[in-house]
Structures are given as C-alpha cells and as structure tokens.
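Under our numbering, think of the first position of the sequence shown as 1, with each following residue one higher. Where a beta carbon is used, it is the ideal one built from N, C-alpha and C, also for glycine. What follows is a single structure, written as structure tokens, with notes after it.
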Amino acid sequence: MYIHHDFQSLHEFVPKSILPEEYGGTTGKMDIFQSNQNDLHRELWLKELEEYTSWFKEQENIKSDESKTYQL
Numbered sequence: 001m002y003i004h005h006d007f008q009s010l011h012e013f014v015p016k017s018i019l020p021e022e023y024g025g026t027t028g029k030m031d032i033f034q035s036n037q038n039d040l041h042r043e044l045w046l047k048e049l050e051e052y053t054s055w056f057k058e059q060e061n062i063k064s065d066e067s068k069t070y071q072l
C-alpha cells in the first residue's frame, strides 16, 4: 500500500489514463461513473482498467523488507 501526498507521486504508480480528473487523470469526472446516463463511458473506463490487470497483479507481489527498516 502506498500513500501519496500529491498527484505527481500517484502518477508514478498509476497511469493518468485510468484515473478520473479529480485525481489528475484523463478519464473524465467521477460523477460520470455514478450516472446511469453514461454507461458507455463507464464501460470504456472498466475496459481500460481490465487492460492493466497484469500491472495490478504485479503490484500485489511488491512487499517491503521490514528487516531493512529503521528500528527504534
């Protein structure tokens, strides 16, 4: 899990092409995804997410080595 303090660091891990405008992305505003009138746009966005399935799975395998962290 990563905590990002700004969009620039978020975009280093998550492509802008799959993020809504509210997160600095290019897929449109989030309210579009909540509206039944925009089913096509929602389907296109979900298709884009599916194209990144392997990337998301790879991210699940990235772990920190706690033995190398600072110990008090």
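For residue j and residue i, believed in contact at Cβ under 8 Å, the rounded distance
{"i": "D28", "j": "H41", "result": "The identity of residue 28 in the sequence shown is Gly, whereas the question assumes Asp. With a Cβ gap of about 6 Å, G28 and H41 count as contacting."}
{"i": "L10", "j": "Y23", "result": "7 Å"}
Contact check, residue i vs residue j, beta carbons under 7 Å
{"i": "E50", "j": "I18", "result": "no"}
{"i": "P74", "j": "M30", "result": "With the chain running from 1 to 72 in the structure shown, residue 74 is simply not present."}
Simplified DSSP state of residue i, which is helix, strand or coil
{"i": "T26", "result": "coil"}
{"i": "F13", "result": "coil"}
{"i": "H41", "result": "helix"}
{"i": "S64", "result": "coil"}
{"i": "D6", "result": "coil"}
Closest residue to residue i among the options (Cα-Cα distance)
{"i": "W55", "options": "F13, H5 and Q71", "result": "F13"}
Min CB distance residue i to chain B below 7 Å
{"i": "L10", "result": "The structure shown contains no chain B, having only a single protein chain."}
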